[in-house]
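The numbering of the sequence shown is our numbering, which starts it at 780 and goes up by one.
We put the beta carbon where it would ideally sit given N, CA and C, even for glycine.
Since we're looking at a predicted model, the values are computed, not measured.
Reading through the C-alpha cells given below for one structure.
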Amino acid sequence: VIKEEAMRRAEERRAAILDQQEETEYRLMEHEAKKERYLDFKRELDGLRSKNKEINVERQRRREDYERESIADAVRKKDDKIDQLNAERQRMWELRRAAQAEAYKAREQVKNEILRQRIQSKFDSKSLEDKLGSLMRNDLFSAKVLQSSHSLPSLRSTGHPSQEG
C-alpha cells in the first residue's frame, strides 16, 4: 500500500510537473506571439514614422523652394526697377547735356546777331526777339521732352495754384 501510495504521489507529481511545463510552454509561446505582434506593430509604426518624416522633409523643401523663388522674384523686380531708374537717369543726363549744348548754341547765335547788328549799325530788337523766340521753341527747352519719361510725373500745369506761375 505504501509503495502504491508513493507511486501514485510520484505519478501525480509527474503529471503536475508536466502540466506546469505545458502551461509554462503555453505562456512562453503566448509571450513569443505577443512579442512578435509587438515587433510587427513597432516595425509598422517605424515605417509610418519614417514615411511621415519623408513627407515633412519634402514639404519643408517645397516651402524653402517657394521662399527662395519668392526672394529671387523680388530681387529680379528690384533689379529691373534699378535698371529702369538708371536708364531714366542716363536719359535725363543726356537731355540735360543736349539742352546745355543747345543753350550754348542759342547764346552764340544771339551774340552773333547782336554783333552783326552793331557792325551794321542797324539795331532791330524785333528781329532779335523773333530769333530768340524761335530758338526757345526748341523741344529741349520745353517740358515736351520729359513727357516720354515713364518714371517721372508729368510736369505740365494742371491748374493747381502752386504749379501756376
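### CA-to-CA distance, Arg828 to Arg788, given in whole angstroms
58 Å
### Query
Any idea what DSSP makes of Lys890, helix, strand or coil?
helix
### Query
In three-state DSSP terms, what is Lys963?
The chain is shown from 780 up to 944; residue 963 falls before or after that span and cannot be answered.
### Message
Could you tell me the alpha carbon to alpha carbon distance between Ala882 and Asn917, rounded to whole angstroms?
### Response
10 Å
### Task
Rank Gly912, Trp872, Ser900, Asn865 by C-alpha distance to the C-alpha of Arg886 and give the top, closest one.
Gly912
### Message
Let me confirm a value: Glu790 is counted as buried when at least 16 other C-beta atoms fall within 10 Å, else exposed. Which label applies?
### Response
exposed
### Task
May I ask which residues mark the beginning and end of the alpha helix (DSSP H) holding Asp903?
Unbroken run through Asp903: none, as it is neither H nor E.
### Query
Excluding five sequence neighbours on each side, which residues of the same chain lie with their C-beta closer than 8 Å to the C-beta of Ala880?
none
### Alpha carbon of Glu838 to alpha carbon of Lys830, nearest angstrom
Looking at the sequence itself, residue 838 is Arg, so the reference to Glu does not match. Whole-angstrom Cα-Cα distance: 12 Å.
### Query
Could you give the C-beta distance for Leu914 and Gln888, rounded to a whole number, given that I count them as a contact under 8 Å?
6 Å
### Message
Tell me the DSSP secondary structure of Arg868 in three-state form.
### Response
helix
### Query
Under three-state DSSP, which class holds Asn917?
coil
### Query
With DSSP run on the structure shown, which of helix, strand or coil describes Val780?
coil
### Task
Within its chain, find whatever has a CB closer than 7 Å to the CB of Glu892; leave out the 5 residues flanking it on each side and keep chain order.
Leu907, Lys910
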